[in-house]
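Accompanying notes for the structure given below.
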Ligand SMILES: [Zn+2]
């Protein structure tokens, strides 16, 4: 009850605050490319009006440094580990229960997500509710059902075998309101770290072409190198997970400017939580083995010049840890600034939103994160020290007091 009252008050305050231009004074601002010291961001409604020298009254956030709102390019916000609702009613309750995942995501400074797979179009419902201000959460770009081959379990509305099925299911997701397409091009998920290719090259090519023909982008999942090779050759916009890629595939990603979203940290989450997830202890070795190969592949891809986007692959109780992936990127050889770019300018480019998201620039959405410490000196500042978050001009997280 108190929660609901608070929420409606927050929403009311939101609409008031956005009616007027307001300035925010930071110790420094990293705008996605360069640093402004002792500077102000002025916001009008949901957009950034100006960045630069302060003039006139401003909210004092000088103890903090500003970075653009972060983009998590791979989430599953509607995956919940909650048994408060009976199994038969799960799908009716899922959007409500997912609000917690949305809130925890905002607290990490993530103001935009690409959500790659959900049942019952719960992702489309969440996106629309958030866009209309009826739910608090990150801006969502969603895929609807991910495409899978038949695999000895009940078919889902995303199950496709053969090119004709693939074309129909891709078009159905877009018709339902999906912003992008997700295809599972190999086995591997949760405790299962196998990477057997599932869809053929021809099926992947059909999915890529069908998505592109309707102006949408596609993400193809592959744990192993075979699915990765064919996904890249088929023209996927981003490749998810992929360990053990060969040099030719990595070179092809550089040539085609394919984004790599390695999601190294999600297996760390599974290993840390194997008991809660009911995995056998042996699963931890498998997961750690995959992490090592995934990190090594990321290191080789980064050295070769592949473009990266940060994706957590967060599910269940991993929300709130969305940006830990950045720590792996630094281990793979990035500077903290290069890691930040994967979650800002690169993420925006992957979404096709590079002219309105991922940077603190006039005309862009007013998505700003205040961190305590220097995010360019230490990546842990971004991971652990988020104190204040603005999304579309509204303060959605405030831990400054
Ligand atoms: Zn995923």
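In the working numbering, the protein residues as written are 7 to 407.
Note that beta-carbon positions come from the ideal geometry of N, C-alpha and C, so glycine has one too.
For a test of the three-state rule: what should DSSP assign to residue 266, helix, strand or coil?
strand
Environment of residue 93 [buried if 16+ CB atoms lie within 10 Å]
exposed
Taking 7 Å as the cut-off, is the CB of residue 80 close to at least one heavy atom of ligand 1?
Yes, ligand 1 has a heavy atom inside 7 Å of this Cβ.
Is the distance from the Cβ of residue 71 to the Cβ of residue 32 below 8 Å?
If you check the CB distance, residue 71 and residue 32 come in under 8 Å.
Three-state secondary structure (DSSP) of residue 190
strand
Give me the residue from 210, 28, 182 with the minimum Cα distance to residue 60.
28
Quick check on DSSP: helix, strand or coil for residue 261?
helix
Taking all protein chains shown into account, decide if residue 302 is buried (16 or more other Cβ within 10 angstroms of its Cβ) or exposed.
exposed
Thinking C-beta only, is residue 353 closer than 8 Å to residue 136?
no
Backbone secondary structure at residue 153 - three-state DSSP:
DSSP places residue 153 in strand when its eight states are reduced to three.
If you reduce the DSSP assignment to three classes, tell me which class residue 50 lands in.
strand
Cβ neighbour criterion (16 or more within 10 Å) applied to residue 24:
Per-residue confidence for residue 24 stands at a pLDDT of 46, beneath the threshold of 50, marking its modelled position as unreliable; no derived number is given.
I need the straight-line Cα distance from residue 332 to residue 315, nearest angstrom please.
10 Å
Proximity test, residue 319 beta-carbon vs ligand 1 heavy atom, cut-off 7 Å:
yes
Beta-carbon within less than 7 Å of residue 294's beta-carbon, same chain only, minus the 5 sequence neighbours each way: which residues are those?
277
Enclosing alpha helix (DSSP H) for residue 301 [first to last residue]:
288 to 310
Measuring from the CB of residue 123, is there a heavy atom of ligand 1 at a distance below 7 Å?
yes
Residue 82 and residue 317: beta carbons closer than 8 Å?
no
Shortest alpha-carbon distance to residue 107 belongs to which of 86, 154, 271?
With distances taken between Cα atoms, residue 107 lies closest to 86.
Whole angstroms are fine: how far does the CA of residue 115 sit from the CA of residue 36?
14 Å
Select from 319, 190, 248 the residue whose C-alpha is nearest the C-alpha of residue 210.
190
To the nearest angstrom, how far is it from the Cα of residue 221 to the Cα of residue 304?
29 Å
Can you pull the DSSP bridge partners for residue 81?
121, 320
For a test of the three-state rule: what should DSSP assign to residue 315, helix, strand or coil?
coil
Cβ of residue 388 less than 8 Å from any chain D Cβ?
No chain D is present in this structure, which holds just one protein chain.
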